[in-house]
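Enquirer: Going down the list, the sequences are from chains R and Y.
Numbering-wise (full-length UniProt numbering), the first sequence opens with residue 1 and increments by one.
Numbering-wise (full-length UniProt numbering), the second sequence opens with residue 1 and increments by one.
Glycine residues also receive a C-beta, built at the ideal position from the N, C-alpha and C atoms.
Keep in mind that this is a model prediction, so the values were computed, not measured.
Number of protein chains: 2
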Amino acid sequence: MKPVRVGICGLGTVGGGTFNVLTRNADEIARRAGRPIIIEQVALRSTNPECDLTGIKTTNDVFEVARNPDIDVLVEVLGGYDVPRELVLTAIANGKHVVTANKALIAVHGNEIFQAAHEQGVIVAFEAAVAGGIPVIKSLREGLGANRIEWVAGIINGTGNYILTHMRSEGRAFEDVLAEAQALGYAEADPTFDVEGIDAAHKLTILASIAYGVPLQFEKAYTEGISRVTAEDVEQADNLGYTIKHLGISKRTEAGLELRVHPTLIPKERLLANVHGVKNAIAIMGDAVGPTLYYGAGAGSEPTASAVVADLLDVARDIATDHHYRVPYLAFSGIGEDEGNLPILPMEDIVTAYYLRLLAVDRPGVLARVATILSEQGISIEALIQKEATEGELVPIILLTHSCREKHMNEAIRQIESMADIAGPVTRIRVESLDEQE
Amino acid sequence: MKPVRVGICGLGTVGGGTFNVLTRNADEIARRAGRPIIIEQVALRSTNPECDLTGIKTTNDVFEVARNPDIDVLVEVLGGYDVPRELVLTAIANGKHVVTANKALIAVHGNEIFQAAHEQGVIVAFEAAVAGGIPVIKSLREGLGANRIEWVAGIINGTGNYILTHMRSEGRAFEDVLAEAQALGYAEADPTFDVEGIDAAHKLTILASIAYGVPLQFEKAYTEGISRVTAEDVEQADNLGYTIKHLGISKRTEAGLELRVHPTLIPKERLLANVHGVKNAIAIMGDAVGPTLYYGAGAGSEPTASAVVADLLDVARDIATDHHYRVPYLAFSGIGEDEGNLPILPMEDIVTAYYLRLLAVDRPGVLARVATILSEQGISIEALIQKEATEGELVPIILLTHSCREKHMNEAIRQIESMADIAGPVTRIRVESLDEQE
Ligand SMILES: NC(=O)c1ccc[n+]([C@@H]2O[C@H](COP(=O)([O-])OP(=O)(O)OC[C@H]3O[C@@H](n4cnc5c(N)ncnc54)[C@H](OP(=O)(O)O)[C@@H]3O)[C@@H](O)[C@H]2O)c1
Ligand SMILES: NC(=O)c1ccc[n+]([C@@H]2O[C@H](COP(=O)([O-])OP(=O)(O)OC[C@H]3O[C@@H](n4cnc5c(N)ncnc54)[C@H](OP(=O)(O)O)[C@@H]3O)[C@@H](O)[C@H]2O)c1
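Now the structure itself:
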């Protein structure tokens with residue numbers, strides 16, 4: 001059968017891995033695709049010592065690939081927003097299928113890109129954009145296609161999970177572990193995207209779009225990083241039976257969809273609490289299947305390449321017929337159709353439980369006042385720890401609340417912070433039970 | 001678009017669930033399939049109180065469905081071997097696609113069935129046959145299609161895992177928990193298939209076929225149940241840092257493929273060790289992606305239906321083109337092509353570590369003799385626990401060995417059992433590290 005001819009744009013971590021996996025496992029891949037998948041051209045700016053380009057056509061102009069009539073599928077693994085957007089739209093305009101690992105591109109420009117792909121009858125696949133090598137896009141869209149999805153919650157940023165894992169196992173501070181992660185190459189020199197949750201919000205936006213059939217709405221995602229999580233919070237959470245993880249959470253409620261990334265206390269015995277280091281995992285709840293979970297490497301050269309090549313396999317099988325009937329499916333199943341009108345809820349309206357840590361002057365009545373404020377907002381207390389303190393000194397109070405609406409918690413915190421006997425801001429971390437044993 | 005017309009054969013646990021999921025989520029499913037999936041006919045012997053059959057064509061002859069010209073896909077959810085085999089072959093001969101949840105059927109008669117399907121150009125899909133609602137067949141074959149699979153290891157029988165979970169958490173005996181599981185409906189009146197590992201071996205046979213592209217060879221699988229695991233072994237394993245799980249394991253080695261189901265000690269901190277109750281999970285190692293894991297409900301009405309309907313979605317999309325190009329892929333990718341010539345290794349030739357428990361007369365020299373026997377077989381000891389005992393009484397000795405070939409362990413056990421100072425048979429449980437954090 002006619003081979004599928006691939007043009008790889010960008011020969012960095014993921015591009016190099018894709019090149020090597022396609023080359024090394026060419027025989028298996030050809031059998032599984034029903035036809036060879038060959039690398040027709042590679043566009044690169046700097047060489048990759050991991051890749052042997054002997055006999056490969058190269059260029060330093062990625063747009064040459066997008067216009068090359070000998071190419072069926074363009075693999076976009078450059079990173080960034082503007083050049084990839086233009087590149088992908090050019091490839092689509094030239095009738096090429098596209099495989100990308102670029103979550104920022106899909107989360108921010110996806111609606112435009114899928115619309116263009118739909119009009120041209122080409123496929124845009126992006127398994128590698130979420131959770132690296134874990135086939136979670138395929139599992140969610142195809143494997144769980146029978147289900148109404150109720151919620152999705154995942155550890156979808158390896159850098160953040162590496163930092164939280166080591167803060168917990170070694171009782172160290174955020175800055176300290178971050179510096180180490182940077183030295184080891186697990187965190188970028190500018191770690192903002194990872195530790196502030198932007199990367200996770202990109203991925204969550206994509207997952208939610210598929211789960212609920214809504215358009216991509218990255219701008220409405222709530223994003224809170226882990227840079228303010230302290231060693232003390234990690235320890236207090238542990239005492240209460242919880243582990244702090246940086247989660248992307250999206251839930252379907254009657255009023256709308258929750259879409260939020262933030263540090264989260266989860267019970268220690270949950271599988272998600274036991275996902276360590278740079279690994280990723282996503283729990284998905286479907287109405288028929290119940291809770292499921294997908295675990296593996298969320299990043300790295302060959303793990304991510306594994307997902308890029310899986311997309312190439314799908315494209316190879318789909319174009320076998322020249323019908324492209326799967327286009328809307330490989331883009332999104334029923335954008336604006338499933339729950340297209342369900343709004344993304346503002347953070348004020350989400351419902352969750354909370355961990356609170358406050359510093360109080362050790363005086364009688366302080367605790368009673370805090371409890372009253374919470375109760376006036378309809379918030380009930382599940383657990384409370386007050387450390388003994390020397391007379392007159394500041395004493396930490398740790399609270400776990402039952403679920404309430406975030407706006408009521410905001411108001412309670414505002415009032416607590418205005419108390420004369422409370423020092424500094426109240427630390428607030430959300431708590432989710434996410435029972436995958438259900 | 002033309003609907004896909006489904007005939008459900010058997011309206012028991014899985015058939016009833018399939019009926020209800022297809023009915024309840026009809027809108028979502030139609031959007032995802034690109035066309036409605038409608039229930040054209042149901043063949044049943046006894047009614048199912050969970051299902052409202054108003055307006056549905058029914059029959060009590062399953063073969064009527066297989067010959068009904070108005071049916072595109074036959075769903076076989078009867079159970080058993082002979083009737084389903086004949087039914088599925090009849091459906092195929094009549095040009096119908098087949099979706100089945102029947103692992104026994106696929107593991108034992110799969111080669112014949114896929115051959116027939118291939119000749120007729122129809123699809124036989126069986127996601128529900130392995131690990132219920134977990135989309136592991138799709139993940140392995142499509143999601144990890146870029147990889148050479150190195151090993152697969154899974155908790156793929158919920159009944160067995162329920163029993164081991166409760167033996168461990170409550171320190172109870174096998175028979176005791178089994179009786180409870182039977183009372184609760186988690187175990188059949190005749191639990192042999194589940195507790196002796198036959199069901200798990202069916203599923204493992206199917207997974208290995210897909211992983212390595214070899215024909216189904218259920219008859220070569222090694223199968224050992226959990227009925228001889230004692231509360232003491234569970235406790236001793238725990239003391240050593242391990243949990244006993246009933247695993248299906250298949251590994252690729254240079255000499256051939258391992259295919260075995262048996263109780264297995266795995267380190268407590270592994271995700272697989274933390275899969276509790278009736279839940280299932282499968283870890284899969286690929287050369288590019290590294291270790292991945294898939295978790296969820298391995299059985300139950302709607303979880304299993306979730307997988308049946310996922311297969312119907314695949315069939316619906318594939319037949320949209322009337323090309324059926326995906327047939328060999330939905331059967332097996334490259335049977336006899338990937339590693340078709342790689343033999344299934346006899347159990348004697350597998351390599352693993354071991355946990356041994358012996359009862360010895362407390363006399364000097366016994367331990368030295370045991371150590372010598374092991375060492376003469378090239379087996380080294382990793383850990384040893386000898387309980388203190390009253391003079392002359394039998395004392396348990398617990399050993400963990402490093403990896404060795406099973407035939408050497410067999411010989412060592414034979415010699416140890418023949419020692420005058422050793423009472424009764426040696427208990428031997430295999431140990432696997434299965435590092436998913438790698
Ligand atoms: N790394 C991962 O584990 C991972 C996982 C999942 C998804 N992703 C996504 O995959 C994409 C690529 O990531 P990466 O880690 O592979 O990045 P990377 O290692 O920085 O590789 C990007 C490569 O593209 C090249 N490039 C950039 N612009 C180019 C241009 N205009 N023309 C030619 N070459 C150009 C870069 O060349 P220079 O070196 O000369 O700049 C570099 O070699 C990103 O969207 C990322 O978010 C990465
Ligand atoms: N249950 C699970 O969780 C699960 C999970 C994965 C896979 N599976 C597989 O799915 C299949 C079905 O399992 P199940 O649990 O649904 O079994 P089940 O509850 O016993 O249902 C089987 C149904 O088929 C009917 N049936 C059997 N032979 C028939 C015939 N010749 N004509 C008409 N109806 C007939 C039975 O009727 P009667 O009641 O009159 O006998 C029964 O209603 C099995 O292959 C099983 O291994 C089950």
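#1: By the three-class DSSP mapping on this structure, what secondary structure does residue 188/Y have?
#2: Could you spell out the range, first to last residue, of the alpha helix (DSSP H) harbouring residue 28/Y?
#3: Examine chain Y for any beta-carbon lying closer than 9 angstroms to the beta-carbon of residue 314/R, and answer yes or no.
#4: Mind listing the chain Y neighbours of residue 29/R? Cutoff is C-beta to C-beta under 9 angstroms, in chain order.
#5: Got a sec: does ligand 2 put a non-hydrogen atom nearer than 8 angstroms to the Cβ of residue 78/Y?
#6: Relative to the C-alpha of residue 433/Y, which candidate in 262/Y, 242/Y and 124/Y has its C-alpha closest?
#7: What does the alpha-carbon distance come out to for the pair residue 28/R and residue 119/Y?
#8: Please report the residue range of the beta strand (DSSP E) in which residue 83/Y lies.
#9: Anything in chain Y within Cβ reach of residue 163/R, meaning under 8 angstroms, just list it in chain order.
#10: Given 8 angstroms as the limit, tell me if residue 216/R has its C-beta closer than that to any heavy atom belonging to ligand 1.
#11: Name, going along the chain, the residues of the UniProt domain "ACT" (355-431) of chain R whose beta-carbon falls closer than 9 angstroms to a beta-carbon of chain Y.
#12: Could one say the Cβ of residue 309/R lies closer than 9 angstroms to chain Y's Cβ atoms, at least one of them?
#13: Can you tell me which of the three DSSP states residue 276/R falls into?
#14: At 8 angstroms on the CB atoms, spell out the chain R contacts of residue 211/Y, in chain order.
#15: Going by CA-CA distance only, name the one from 152/Y, 415/Y, 270/Y and 387/Y that's closest to residue 286/Y.
#16: Could you give the C-beta distance for residue 200/R and residue 261/R, rounded to a whole number, given that I count them as a contact under 8 angstroms?
#17: Is there at least one non-hydrogen atom of ligand 2 closer than 8 angstroms to the beta-carbon of residue 85/Y?
#18: Three Cβ pairs or more, each shorter than 8 angstroms: is that satisfied between the stretch 133-151 of chain R and the stretch 303-314 of chain R?
#19: Excluding the 5 residues flanking residue 336/Y on each side, which residues of the same chain have their C-beta closer than 8 angstroms to its C-beta?
#20: Please report how far the alpha carbon of residue 49/R lies from the alpha carbon of residue 17/R, in whole angstroms.
#21: Does the stretch 222-229 of chain R come close enough to the stretch 244-262 of chain R that 3 or more CB-CB pairs lie under 8 angstroms?
#22: Taking 8 angstroms as the line, does the beta carbon of residue 160/Y fall inside it for any heavy atom of ligand 2?
#23: Report the rounded CA-to-CA distance for residue 170/Y versus residue 164/R, giving the unit in angstroms.
#24: Please identify the residue among 101/R, 67/R and 110/R whose C-alpha is closest to the C-alpha of residue 93/R.
#25: Have a look at the DSSP bridge pairing and note the partners of residue 76/R.
#26: Pop quiz: residue 9/R and residue 78/R are said to be a contact at Cβ under 8 angstroms. What is the actual Cβ separation, rounded to whole angstroms?
#27: Any beta carbon from chain Y within less than 9 angstroms of residue 287/R's own beta carbon?
#28: Could you give the distance in angstroms between the alpha-carbon of residue 436/R and the alpha-carbon of residue 207/R?
#29: Please report the Cβ distance between residue 384/Y and residue 426/Y, rounded to the nearest whole angstrom; I am assuming they are in contact, meaning their Cβ atoms lie under 8 angstroms.
#30: Do you know whose CA, among 95/Y, 87/Y, 282/Y and 313/Y, lies nearest residue 36/Y's CA?
#31: Should residue 295/R be labelled buried (16 or more other beta-carbon atoms within 10 Å of its own) or exposed?
#32: Return the Cβ separation of residue 226/Y and residue 263/Y in integer angstroms, given the expectation that the two are a contact with Cβ distance under 8 angstroms.
#33: Taking the alpha-carbon of residue 126/R as reference, which of 149/R, 98/R and 146/R has the nearest alpha-carbon?
#34: Leaving out five residues on either side along the sequence, give the residues of the same chain with a beta carbon under 6 angstroms from the beta carbon of residue 389/Y.
#35: What does residue 261/Y pair with, by DSSP beta-bridge criteria?
#36: Against chain Y, with Cβ distances strictly below 9 angstroms, would residue 4/R count as a contact?
Expert: Checking against the coordinates, here is how it stands:
#1: Counting from 1 along the second sequence, the entry for residue 188/Y is found at position 188. Reduced to three states, the DSSP call for residue 188/Y is coil.
#2: Against the second sequence, residue 28/Y aligns to sequence position 28. That run of the alpha helix (DSSP H) goes 26-33.
#3: As a first step, residue 314/R must be located in the first sequence, where it is residue number 314. Yes - at least one Cβ of chain Y is within 9 angstroms of the one on residue 314/R.
#4: As a first step, residue 29/R must be located in the first sequence, where it is residue number 29. The contacting residues are 145 and 146.
#5: On the second sequence, position 78 is the one that residue 78/Y refers to. At least one heavy atom of ligand 2 is nearer than 8 angstroms to the Cβ of residue 78/Y, so yes.
#6: Here the question's residue 433/Y lines up with position 433 in the second sequence. It is 242/Y.
#7: Position 28 of the first sequence holds residue 28/R. Position 119 of the second sequence holds residue 119/Y. Residue 28/R and residue 119/Y: Cα-Cα distance of roughly 23 angstroms.
#8: For the purposes of this step, residue 83/Y is taken as residue 83 along the second sequence, with counting starting at 1. Residue 83/Y -> not in any beta strand (DSSP E); alpha helix (DSSP H) instead, spanning 82-93.
#9: Mapped onto the first sequence, residue 163/R falls at position 163. The premise fails here: residue 163/R is roughly 16 angstroms from chain Y at the closest Cβ pair, so nothing lies under 8 angstroms.
#10: Residue 216/R sits at position 216 when you count from the first residue of the first sequence. Residue 216/R Cβ: outside cutoff for every heavy atom of ligand 1.
#11: none
#12: Translated into positions along the first sequence, residue 309/R becomes position 309. Yes - at least one Cβ of chain Y is within 9 angstroms of the one on residue 309/R.
#13: As a position in the first sequence, residue 276/R is number 276, starting the count at 1. Note: residue 276/R maps to coil in three-state DSSP.
#14: As a first step, residue 211/Y must be located in the second sequence, where it is residue number 211. Chain R residues near residue 211/Y: none, gap ~11 angstroms exceeds 8 angstroms.
#15: Indexing the second sequence from 1 puts residue 286/Y at position 286. Ranking the options by Cα distance to residue 286/Y, first place goes to 152/Y.
#16: Looking up residue 200/R in the first sequence gives position 200. Looking up residue 261/R in the first sequence gives position 261. Contact holds; Cβ gap of about 5 angstroms.
#17: For the purposes of this step, residue 85/Y is taken as residue 85 along the second sequence, with counting starting at 1. No - ligand 2 has no heavy atom lying nearer than 8 angstroms to the Cβ of residue 85/Y.
#18: yes
#19: Your numbering for residue 336/Y matches position 336 in the second sequence. Its pLDDT being 41, under 50, residue 336/Y is placed unreliably in this model, and the value from its coordinates should be taken loosely. Excluding residues within five positions, the ones whose Cβ falls inside 8 angstroms are 213, 214 and 215.
#20: Here the question's residue 49/R lines up with position 49 in the first sequence. Here the question's residue 17/R lines up with position 17 in the first sequence. Computed Cα separation, rounded: 11 angstroms.
#21: yes
#22: By one-based count along the second sequence, residue 160/Y stands at place 160. Every heavy atom of ligand 2 is 8 angstroms or more from the Cβ of residue 160/Y, so no.
#23: Locating residue 170/Y in the second sequence gives position 170, counting from the first residue. Locating residue 164/R in the first sequence gives position 164, counting from the first residue. Each residue's alpha carbon lies about 33 angstroms from the other.
#24: Along the first sequence, read from residue 1 onward, the residue named residue 93/R stands at position 93. It is 67/R.
#25: By one-based count along the first sequence, residue 76/R stands at place 76. Answer by DSSP bridge pairing, in chain order: 9/R and 100/R.
#26: On the first sequence, residue 9/R is found 9 positions in, with the first residue counted as 1. On the first sequence, residue 78/R is found 78 positions in, with the first residue counted as 1. Between residue 78/R and residue 9/R the Cβ distance is about 6 angstroms, and since that is below 8 angstroms, they are a contact.
#27: Numbered from its first residue, the first sequence carries residue 287/R at position 287. By this cut-off, residue 287/R is an interface position.
#28: On the first sequence, residue 436/R is found 436 positions in, with the first residue counted as 1. On the first sequence, residue 207/R is found 207 positions in, with the first residue counted as 1. The straight-line gap from Cα to Cα measures roughly 18 angstroms.
#29: Here residue 384/Y is taken as the residue at index 384 of the second sequence, counted from 1. Here residue 426/Y is taken as the residue at index 426 of the second sequence, counted from 1. That pair is no contact at about 14 angstroms.
#30: Counting from 1 along the second sequence, the entry for residue 36/Y is found at position 36. That would be 313/Y, whose Cα lies nearest to the Cα of residue 36/Y.
#31: Mapped onto the first sequence, residue 295/R falls at position 295. That one is buried.
#32: As a working mapping, residue 226/Y is identified with position 226 in the second sequence. As a working mapping, residue 263/Y is identified with position 263 in the second sequence. That belief holds up - the Cβ atoms of residue 226/Y and residue 263/Y are roughly 5 angstroms apart, short of 8 angstroms.
#33: Position 126 of the first sequence, counting from 1, holds the residue named residue 126/R. When each option's Cα is compared against that of residue 126/R, the closest is 98/R.
#34: Looking up residue 389/Y in the second sequence gives position 389. Excluding residues within five positions, the ones whose Cβ falls inside 6 angstroms are 362 and 395.
#35: Position 261 of the second sequence, counted from the start, is the residue given in the question as residue 261/Y. Bridge partners of residue 261/Y: 223/Y and 248/Y.
#36: The residue labelled residue 4/R in the question sits at position 4 within the first sequence. No, residue 4/R does not count as interfacial toward chain Y.
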